[in-house]
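Note sheet for the following structure.
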Amino acid sequence: MSNRVNCFEQTGEAVGKIAVKLCKDQTLIRLLVDMSNNPLDESKPDIDTSDFDFTNGRIRTVPNVDFTKVKESTIVIVPTYGVAGENSEFSLVGFDIDIWNPQDKWQLNYPIQRPYYIMSCLKRLLDNSRVTGIGTLRFVSFDLDVLSSEVTMHTMRFVVDVNN
Numbered sequence: 001m002s003n004r005v006n007c008f009e010q011t012g013e014a015v016g017k018i019a020v021k022l023c024k025d026q027t028l029i030r031l032l033v034d035m036s037n038n039p040l041d042e043s044k045p046d047i048d049t050s051d052f053d054f055t056n057g058r059i060r061t062v063p064n065v066d067f068t069k070v071k072e073s074t075i076v077i078v079p080t081y082g083v084a085g086e087n088s089e090f091s092l093v094g095f096d097i098d099i100w101n102p103q104d105k106w107q108l109n110y111p112i113q114r115p116y117y118i119m120s121c122l123k124r125l126l127d128n129s130r131v132t133g134i135g136t137l138r139f140v141s142f143d144l145d146v147l148s149s150e151v152t153m154h155t156m157r158f159v160v161d162v163n164n
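Throughout the sequence shown, residue numbering follows the working numbering, covering 1 to 164 in sequence.
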């Protein structure tokens, strides 16, 4: 009997753990939900995340975003998986974090624009963080896609370092 763990089960669990971790950060949640120019105003109350919907909410584990209807910033966690070389025992697991943002909501009352502030939060929360069952996440890169004159998508890439 094999003791090998199913990579898809581990990756699926990790997606959920990452989503829950992101939901607990009020700075990130405010940037996603409050589309005003000043979402981080300390006088504003915390946003209740107890009933966050990971299918249709601001942080999603299901990639069901219709970019023609994006009115608020949205994060989608997309796992990636591949085999390194000819050794099928050594796999590469990673996560693309897609940040969808309306172009007319980039501006904040801060020196940094909304998508870059969101990416800064994500890097702080995820880079070098350990996800039980798969390893330590390492930030690799980001890309910007202009999907339309109304919507952009930044993709941050994280890979799992199994050595740490």
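Ideal placement from N, C-alpha and C gives every residue a C-beta, glycine not left out.
(request) Determine the DSSP secondary structure at Ile-18, reduced to helix, strand or coil. (result) helix
(message) Tell me the residue span of the beta strand (DSSP E) that contains Val-151.
(response) 151 to 161
(request) Whole angstroms is fine: what's the gap from Asp-53's alpha carbon to Val-15's? (result) 14 Å
(message) Between which residues of its own chain and Asp-25 is the CB-CB distance below 8 Å, once the five residues before and five after are set aside?
(response) Cys-121 and Leu-125
(message) Whole angstroms are fine: how far does the CA of Asp-104 sit from the CA of Asp-46?
(response) 24 Å
(request) For Phe-95, count neighbouring Cβ atoms within 10 angstroms of its own Cβ and tell me buried if that reaches 16, exposed if not. (result) buried
(message) Going by DSSP in three states, Asp-104 sits in which element: helix, strand or coil?
(response) helix
(message) Assuming the contact rule is C-beta atoms closer than 8 Å, Val-65 and Pro-102 should be a hit. Round their C-beta distance to whole Å, please.
(response) That pair is no contact at about 12 Å.
(request) Please go through the stretch 20 to 97 and give each complete alpha helix (DSSP H) segment of 4 or more residues, from N-terminal end onward. (result) 26 to 33
(message) Let me make sure I understand the geometry here. Which of His-154, Ile-29, Ser-141 and Cys-7 has the alpha-carbon closest to that of Asp-167?
(response) In the structure as shown, the chain begins at 1 and stops at 164. Residue 167 is therefore absent and cannot be evaluated.
(request) For my contact list, Trp-100 and Met-153 are in at a C-beta cut-off of 8 Å; report their separation, rounded to the angstrom. (result) 5 Å
(request) List the endpoints of the continuous alpha helix (DSSP H) containing Leu-122. (result) 114 to 126
(message) Rounded to whole angstroms, what is the Cα-Cα separation between Val-62 and Cys-7?
(response) 18 Å
(request) Give me the Cα-Cα distance between Cys-23 and Thr-49, rounded to the nearest whole angstrom. (result) 6 Å
(message) Quick check on the burial criterion: 16 or more other C-beta atoms within 10 angstroms. Buried or exposed for Val-146?
(response) exposed
(request) Use the C-beta contact count for Glu-9: other C-beta atoms within 10 angstroms, 16 or more gives buried, fewer gives exposed. (result) exposed
(message) Contact defined as beta carbons within less than 8 Å: I believe Val-160 pairs with Ile-118. What is the distance between those atoms, to the nearest angstrom?
(response) Incorrect: roughly 22 Å between the Cβ atoms, too far for contact.
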